[in-house]
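Scroll down for the structure; my scribbles are underneath it.
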Amino acid sequence: MRTRTPIRDHDAESSLFAGRVIFAIVVIIGFFTVILGNLYHLQVDEYNDLQTRSNDNRIKLVPIAPNRGLIYDRNGTLLAENLPVYSLEVIPEEVTNLNQQVTDIAQLLDIEPEAIEDFERNVKTQRRFNHVTVLDEMNEQQIARFAAKQHKFPGFSIEARLVRHYPFNDLLTHVVGYVAKINRRDVQRLDEQGRLPNYAASRTIGKLGIEKYYEEQLHGEVGYRSVEVNNRGRVVRTLNTEPPKPGSDIVLELDIELQRKATEILGENRGSIILMDAKTGGILAMASTPSYNPNWFVSGISVDRYRSLLNSRHSPLLNRATQGGYPPASTIKPQLGLLGLQSGEITPTTRIWDPGWFEIKGVDRRYRDWLAWGHGWVNVSKAITESCDTFYYDLALKLGVDKISDFMHQFGFGEKTGIDIAEEIPAIMPNSGWKRARYGEPWYAGETLSVGIGQSYWTATPMQLVAATGVMANYGEFVVPRLLKGYGTLSELDAVEPEYKPPVAVDKPSYWQVVHDAMVSVTSDVHGTAHSAFRKAPYSSAGKTGTAQVVNLGEDEEYVAEEVAEKYRDNAMYVGYAPAESPEVVIAVAIENVVGGGGSIAAPAARRLLDTWHKRYHPEQYEEVENAND
Amino acid sequence: MLTTEERQRHPLLKKLHLDGPLLLGLLTLCIASLFIVYSASGQNMDMVIRQAIRIGAALATLFVVAQLPPRFYERISPLIYGLGVLLLIAVLLIGEVGKGAQRWLDLGPVTIQPSEIMKLAMPLMIAWFINQRALPPRFLRILAALTLVLLPTLLIAKQPDLGTSLLVASAGLFVIFFAGLSWRLIVFAVMLVLAFLPVLWIYLMHDYQRQRVLTFLNPELDPLGSGYHIIQSKIAIGSGGIDGKGWLQGTQSQLEFLPERHTDFIFSVISEEFGLIGVTLLLALYTFIIIRGLIIALRTQDMFGKLLAASLTLTFFVYVFVNIGMVSGLLPVVGVPLPLISYGGTSMVTLMAGFGIIMSAATHHRLIIRDGYQ
Chain L
9 MRTRTPIRDH DAESSLFAGR VIFAIVVIIG FFTVILGNLY HLQVDEYNDL QTRSNDNRIK
69 LVPIAPNRGL IYDRNGTLLA ENLPVYSLEV IPEEVTNLNQ QVTDIAQLLD IEPEAIEDFE
129 RNVKTQRRFN HVTVLDEMNE QQIARFAAKQ HKFPGFSIEA RLVRHYPFND LLTHVVGYVA
189 KINRRDVQRL DEQGRLPNYA ASRTIGKLGI EKYYEEQLHG EVGYRSVEVN NRGRVVRTLN
249 TEPPKPGSDI VLELDIELQR KATEILGENR GSIILMDAKT GGILAMASTP SYNPNWFVSG
309 ISVDRYRSLL NSRHSPLLNR ATQGGYPPAS TIKPQLGLLG LQSGEITPTT RIWDPGWFEI
369 KGVDRRYRDW LAWGHGWVNV SKAITESCDT FYYDLALKLG VDKISDFMHQ FGFGEKTGID
429 IAEEIPAIMP NSGWKRARYG EPWYAGETLS VGIGQSYWTA TPMQLVAATG VMANYGEFVV
489 PRLLKGYGTL SELDAVEPEY KPPVAVDKPS YWQVVHDAMV SVTSDVHGTA HSAFRKAPYS
549 SAGKTGTAQV VNLGEDEEYV AEEVAEKYRD NAMYVGYAPA ESPEVVIAVA IENVVGGGGS
609 IAAPAARRLL DTWHKRYHPE QYEEVENAND
Chain W
342 MLTTEERQRH PLLKKLHLDG PLLLGLLTLC IASLFIVYSA SGQNMDMVIR QAIRIGAALA
402 TLFVVAQLPP RFYERISPLI YGLGVLLLIA VLLIGEVGKG AQRWLDLGPV TIQPSEIMKL
462 AMPLMIAWFI NQRALPPRFL RILAALTLVL LPTLLIAKQP DLGTSLLVAS AGLFVIFFAG
522 LSWRLIVFAV MLVLAFLPVL WIYLMHDYQR QRVLTFLNPE LDPLGSGYHI IQSKIAIGSG
582 GIDGKGWLQG TQSQLEFLPE RHTDFIFSVI SEEFGLIGVT LLLALYTFII IRGLIIALRT
642 QDMFGKLLAA SLTLTFFVYV FVNIGMVSGL LPVVGVPLPL ISYGGTSMVT LMAGFGIIMS
702 AATHHRLIIR DGYQ
């Protein structure tokens, strides 16, 4: 202090200082104004934006999966249901020693080491406050064992969810289909269709059959719970819940008893049987064998099992009813006869001599009839009743393949029937243009003859056969086959209307009559190819047999079924409808590689199913018989 | 310069060497602090009690400090400064590491933070040094004073503790400014600092400090990383709107989206829960305290006391400005708490001790007169 200069102008120093303080006050007020201005900007100008971001921070929407609609048959039998399954879940954040706890649980519940490895992988990829599945689909014993010791495992819990189940197992796989886990391709497709948000909580999606085709109706609409979360994502409270809208239940035209019977009739054979309501197109039964258990796919099928299904030489994954392209063989003779009449190439009385073979002028080859010694004089009625090939060789040659092809397209051959499942092929209705495009070769007359008996390149699915036979039964009216009866349950059914394709028109209604009568003769005339199959049937029926060669035989070769390898044996086909005078149902049967043919194998199969149908749907006639016996 | 009326109006406060208006402002802040900490801590009563104890300790410190005359502080200034520098060197050599920086010195039963001592030692030392000669100071004296400012500032920056070094440096620089540093030199210094910025950026700043500056310039560059703090803070402030979400109702703070919500970012909690109205009132309260501090500085007759009071008051302003500027996105994030509101002990005691010195300057002038310096 002693060093201080004695001469100091204290007033001057004070006023200098005062000036600086005033300057400081101005600066301070200026700076605070800037701060306040910025706060005003944030809290007033940007309020709406920042308020929204604040809510986005804290409010999370938790999607709730809708319950999938149930599927019933026409009598109310449940075909696809939702069953609760239980899984053991853990929130890793809530567990202090996760590895030790999981090891203890694995021991307690006998969990496979692979499942634990999966779990450990999942834990690493999930956020720590999310549920992670330790064990999916717990059995009752595991549930009981865990429940008894739950207090030892805080953070672990048993969660229930609904999983699709098909109580009839492999009986309906090719009809109802199945749901399975949503994969990346499904996500991409849903995203493109703008339907992805609706699947926010869904684990599975329809992959096949009805489940796939009516996915939109069955799935329902996702619900949301808006919850308040903290910065670690833990739910603090629920703010609001918008419940999901369950999917619509649906009722099929299917009759599970007829489906069971049809499958039983096919037995160990590969093939398909379809029974359709003649008026509505409703499918009462649609069997395709072999089949497989759809429940395998719901929670993920093992690679080995899937590979064995895929590689099986019996192709169980193939839906033979709609994807099996079979040569229709003689089952198309009624339609072709009709074309003969309509085109004027033949009349009901036009007849030819059948020596048991047919020759094209200038071609040194004999086309054989199935009856080696021939049918003698044959008109169109007899040609249908006895399935005379020679008559049809002649008729086909006169018509030409292109005319046949055009007409057959009107019956739906070469086109998808439009049945309500996605697994359908159009099969092949060839013509000369088709062959040129496909093989770069001209059409040969000999091939026209083959087309005349439903062979050559011609293939048809059983579904196409049943639809085309329906057109015959309805004299030209073309009803589209359909599995769906309506939405809702039986008591409150919102039924769908039948769909029709353009009818097949002919100049004279009597043409229908001629062919119809001939088809009735197939089952009723002693020379009819299905006569023995339908002997003493309690109802009248019309039909047509077919036996398709799987291999081409040389002109002098003899086919002996027992001597050829199974896969080269003939296919047995049958189409028909009943009752003949007022058709109620239409049937198509295709059985692969059998010893025998349409008359001996397929027609009796059709008879058995029609008998069952008749007993179920016309019980009054049986009561009368019983009463008469009394 | 105190009027006779004023002296007569508060005879008790006068005797206790306390300034009424300033004390009222400080107490209001402290009481507000308890309510805000309760909300910002997620309604943790233990933390409120600890904060109350700290406030009590800080007020006791203020009271004790205010009893001693400015002359006493003038005398011990070089001693405290010297001790502070030695402790800062000791920290760099043997200090405790916390949060990636060496700030604490473990002295057996107590842990001390020498940089806090420097917050007071710096203005004391510079005021003492400048006041050795007539004002305004000559150029050489200014250079010497700047050296005295720079040494501890660099030592603290090296810890590294950017926020505190900033506060310590400004405490010293404010003394020089109030002593009448010529405007020409001020302009020159500002230009020098601007020229120095690239050197600072390239050679002297740590990576995390550079990151802070980059994040400050555009927080959305890294919304989940280093930008997260400032984005969440701005959301909290903005979503408060004009009248706020209400006490304990701030979703950003209660649900912990806001980081450091009870310490450095407590202003965002206030903004969210009390809105523009609340923060305007808070700023008004701070302004009141600052203006009162400067009025005391003007009325103090002794130049040492004037310089000290003005510098300490302005440092308090820097605290407020840097903290609010940082949480509202005007300034880069440097660790400066909101004075007298944020949860935390050391800075509150230091701040109250500073206000104790201001009150000492405000109430001991007669003694100074008796010493015969006028």
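Residue numbers (the working numbering), protein chains in the order written: chain L, 9 to 638; chain W, 342 to 715.
We treat Cβ as the ideally placed atom computed from N, Cα and C, and that holds for glycine.
Excluding residues up to 5 positions away in sequence, Glu614 lie with their Cβ nearer than 8 Å to the Cβ of Gln590/W in the same chain. Under the DSSP assignment, Gly408/L falls outside any alpha helix (DSSP H); it carries neither an H nor an E label. Looking at the backbone, the Cα of Gly670/W and that of Leu541/W are separated by about 22 Å. The C-beta distance from Trp466/L to Pro335/L rounds to 6 Å, short enough to fall under 8 Å. Counting along the chain, Gly27/L sits inside the alpha helix (DSSP H) bounded by residues 18-48. Using a Cβ-Cβ cut-off of 7 Å, Thr628/W is close to Phe40 of chain L, given in chain order.
Between the beta-carbon of Ile79/L and that of Val171/L there is about 15 Å, and that puts the pair past the 8 Å contact cut. Rounded to whole angstroms, Thr628/W and Val659/W show a C-alpha spacing of 12 Å. By the neighbour-count criterion, in which 16 or more other beta carbons inside 10 Å mark a residue as buried, Ala598/L falls on the buried side. Sequence-ordered contacts of the segment 222-241 of chain L with chain W read Glu236, Val237, Asn238, Asn239, Arg240 [C-beta pairs closer than 9 Å]. Judged by DSSP secondary structure, Trp469/W falls within the alpha helix (DSSP H) whose first and last residues are 455-471. A direct Cα-to-Cα measurement between Val187/L and Asp118/L gives close to 29 Å.
Look at the segment 511-527 of chain W: the residues with a C-beta under 7 Å from a C-beta of chain L are Phe518, Phe519, Gly521. By the criterion of a C-beta distance shorter than 6 Å, Glu167/L is surrounded in its chain by Ser95, Glu97, once the five residues flanking it on both sides are discounted. Nearest C-alpha to Gln59/L among Asn664/W, Ile572/W, Ala650/W, Ile637/W: Ile572/W. Below the 7 Å Cβ cutoff, chain W contributes Ile576 as neighbours of Arg61/L, in chain order. In the three-state reduction of the DSSP assignment, Trp621/L falls in the helix class. Closer than 7 Å at the C-beta level to chain W, one finds these residues of the segment 19-33 of chain L: Glu21, Leu24, Phe25, Ala26, Arg28, Val29, Ala32, Ile33. Under the DSSP assignment, His173/L falls in the beta strand (DSSP E) whose first and last residues are 164-173. In terms of beta-carbon proximity, Met700/W stays away from the interface with chain L, with every pair separated by 7 Å or more.
Positions of the alpha helix (DSSP H) runs, each at least 4 residues long and wholly inside the segment 620-652 of chain W, cannot be given because no such run exists. Two segments are said to touch when three or more pairs of C-beta atoms, one from each, lie closer than 8 Å; by this definition the segment 587-595 of chain L touches the segment 468-488 of chain L. Contact with chain L is found for Ala475/W, since one of that chain's Cβ atoms lies less than 7 Å from the residue's Cβ. Residues of the segment 667-691 of chain W with a Cβ closer than 9 Å to any Cβ of chain L, in chain order: Ser669, Gly670, Leu671. Just so you know, the alpha carbons of Asn385/W and Met532/W end up roughly 48 Å apart. With respect to Leu465/W, Ser418/W sits close: the two C-beta atoms are nearer than 7 Å.
For Val243/L, there is no enclosing alpha helix (DSSP H); the residue is found in the beta strand (DSSP E) stretching over 243-250. Look at Tyr314/L: its C-beta is not under 7 Å from any C-beta on chain W. In this structure Arg444/W is buried. Its beta-carbon is surrounded by 16 or more other beta-carbon atoms within 10 angstroms. Of all residues in the segment 630-659 of chain W, those with a C-beta nearer than 9 Å to a C-beta of chain L are Ile631, Ile632, Leu635, Ile636, Ala638, Leu639, Gln642, Met644, Lys647, Leu648, Ala651, Thr654, Leu655, Phe658, reading in chain order. Between the alpha carbons of Pro352/W and Asp360/W lies a gap of roughly 11 Å. In summary, Glu600/L is buried, with 16 or more beta-carbon neighbours lying within 10 Å of its beta-carbon over all protein chains present. The segment 307-324 of chain L makes no contact with the segment 442-455 of chain L; the number of CB pairs closer than 8 Å stays below 3. Taking every protein chain shown into account, the CB of Asn579/L has 16 or more other CB atoms within 10 angstroms, so this residue is buried.
For Val244/L, the chain W residues whose C-beta falls within less than 7 Å of its own C-beta are Leu596, listed in chain order.
The beta carbon of Leu409/W does not come within 7 Å of any beta carbon belonging to chain L, so the residue lies off that interface.
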